[in-house]
Structures are given as C-alpha cells and as structure tokens.
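One structure below.
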Amino acid sequence: MESSGDSMTPVSIQANAVSKEFNRGLIFKDISFSLSSPASLSITGKNGAGKSTLSKILAGLLSSTRGSMTYVIGGKQIGIEEFKHHIGFVSPYLNLYDEFTAIENLEFLSRIRAAATPPVERKKELLTLVGLWDRRDDAVGTFSSGMKQRLKYAFALLHHPEVLILDEPTSNLDEEGSEVIHRIIQEQKKSNILIVATNSKNESQWCTQQVDLIPVKK
64 MESSGDSMTP VSIQANAVSK EFNRGLIFKD ISFSLSSPAS LSITGKNGAG KSTLSKILAG
124 LLSSTRGSMT YVIGGKQIGI EEFKHHIGFV SPYLNLYDEF TAIENLEFLS RIRAAATPPV
184 ERKKELLTLV GLWDRRDDAV GTFSSGMKQR LKYAFALLHH PEVLILDEPT SNLDEEGSEV
244 IHRIIQEQKK SNILIVATNS KNESQWCTQQ VDLIPVKK
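As numbered in my numbering, residues 64 to 281 make up the sequence shown, in order.
And the structure:
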C-alpha cells in the first residue's frame, strides 16, 4: 500500500522550549522534543491541556508565544511556510465543502494549498484506500461524519507527506474505518514522521515517543 511519502529524504522536527499563551493565560510551557525520520510522537494530556494547540503549532497553523520550531529536510533547515508542503494534517476542525463532491474537494483543497492538481491515478488510489471511490461523485454534504473523516485522510496523504500530524485520529470512525486508518499509520511510521494528539491510551501506544501536556497552574 502506498499511502504516504515515497521518498527516503531524511526529515527532522525540533521543538525548543515552546510555550503558548491565550488571553494572557499560559496553556503549556517549555515543550521540547526532537524527531528524525522514521519517528513517531504522541501528544497526550487532559482536555484543555493544549493538545490541539500544540498540533497546530507543529503544522504551522499557529505561532508559539515563546520558544521556536526547527524544521530540516534533506539536511537543509527551512522555514515553516516551505515545510508545510511536506506536512499532512487531519483534525476535527478542518472543514470540507459540503456542496462539492469528494473528487472536487480533493482538487479544490489542493489549489488552496498551492499544490499541483493531483493526477487521477492518485485520487483513485487514495479514495479507494479510504473506501470512498464509489462515492467520489457524491456531494460531501450527503456523507456521514465517519466518511468525512476518511476523506480528510485522503486529502492529507495526497501529496505524499513526509510528516503526518493527526489530531483525534479516529474521531467519528467505526471499527472498519479505524482499521483503515491504523493501516495508514503503520505505513507512515515505516520511513516518515507520525505525530498523534489523543486522549486514547491505545492511540498513544502507536508511537515510540510521548509528550504529556500537564495543565499549568494558574
């Protein structure tokens, strides 16, 4: 199964004493870790500890209040805007377009991220992988929440990401959908970087490293 990055280009991510505040309140502080492919990291902690916030920082969707992130690919340090092209991201708060079909969503979202239109073969491969090829021409508004979650995985994998960041990876998925995602995760871990933000002990055990976010005392 070809689900993630094909290349063996070495990739590394380093968090250097990363802290985040919202409305003058400290969410987490001094988070540090280093990942070099192949590697896997779980982000755990109680609700409100900042798992989703840290995931967004790693994906370049939020900036940290203090500290810094370092991204290296092929031995060259690059900025987050360039590194975003090497990241696939799945989360409950990423929106799909209900009025578009599954195929149209993949094409439109690719244009938003300034990526080349994916070839037909790649779209078919991924929609088949997540069990949606037969629904490719149906409006996403007719999809169940689990089907929408699977479509998000197809989009995240579209550009062969070297880094896959998952926030609540099995949210809204039934047993069959969870098995599909588990296969994707195992494939990603072989040669790339996997980051999982989760409340689930089982999901955290997919990863070899862990960052446990402890609520900051007010």
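Ideal Cβ placement from N, Cα and C applies to all residues, glycine included.
- Note on Ser-126: under 16 other CB atoms within 10 angstroms of its CB, so exposed under the neighbour-count rule.
- In this chain, Ile-175 is not harboured by any beta strand (DSSP E); it is covered by the alpha helix (DSSP H) spanning 165 to 175.
- Taking the Cα positions, Ser-241 is about 21 Å away from Lys-114.
- The closest CA to that of Thr-72, considering only Lys-253, Val-274 and Ile-277, is found on Lys-253.
- In the three-state DSSP reduction, Ala-219 falls in the helix class (H, G or I).
- No Cβ-Cβ contact shorter than 8 Å links Val-243 with Val-279.
- Exposure of Pro-182 is indicated by the presence of fewer than 16 other C-beta atoms within 10 angstroms of its C-beta.
- Judged by their CB atoms, Thr-205 and Ser-103 are not nearer to each other than the 8 Å cut-off.
- Around the beta carbon of Arg-246, fewer than 16 other beta carbons lie within 10 angstroms, which makes this residue exposed.
- In this structure, Ser-208 is the residue among Leu-276, Ala-217 and Ser-208 with its C-alpha nearest to the C-alpha of Ser-234.
- In the DSSP annotation of this structure, the continuous segment of the alpha helix (DSSP H) that includes Lys-252 starts and ends at 238 to 254.
- Non-local C-beta neighbours of Ile-94 in its own chain, meaning closer than 8 Å and more than five positions away in sequence, comprise Ala-78, Ala-80, Val-81, Ser-82, Leu-117, Gly-130, Val-274 and Leu-276, ordered along the chain.
- Taking the C-beta atoms as reference points, Val-153 is found nearer than 8 Å to Pro-232.
- Here Val-193 carries a coil assignment [DSSP, helix/strand/coil].
- Contact check for Leu-195 against Met-210 passes: the beta carbons are separated by less than 8 Å.
- Following the DSSP letters along the chain, one finds Leu-117 inside the alpha helix (DSSP H) bounded by residues 114 to 121.
- When the alpha-carbon of Ser-99 is set against those of Gly-137, Arg-87, Val-203 and Ile-90, the nearest one is in Gly-137.
- When the Cα atoms are used, Asp-201 and Arg-87 turn out to be separated by approximately 45 Å.
- For Ser-267, the enclosing alpha helix (DSSP H) begins and ends at 264 to 267.
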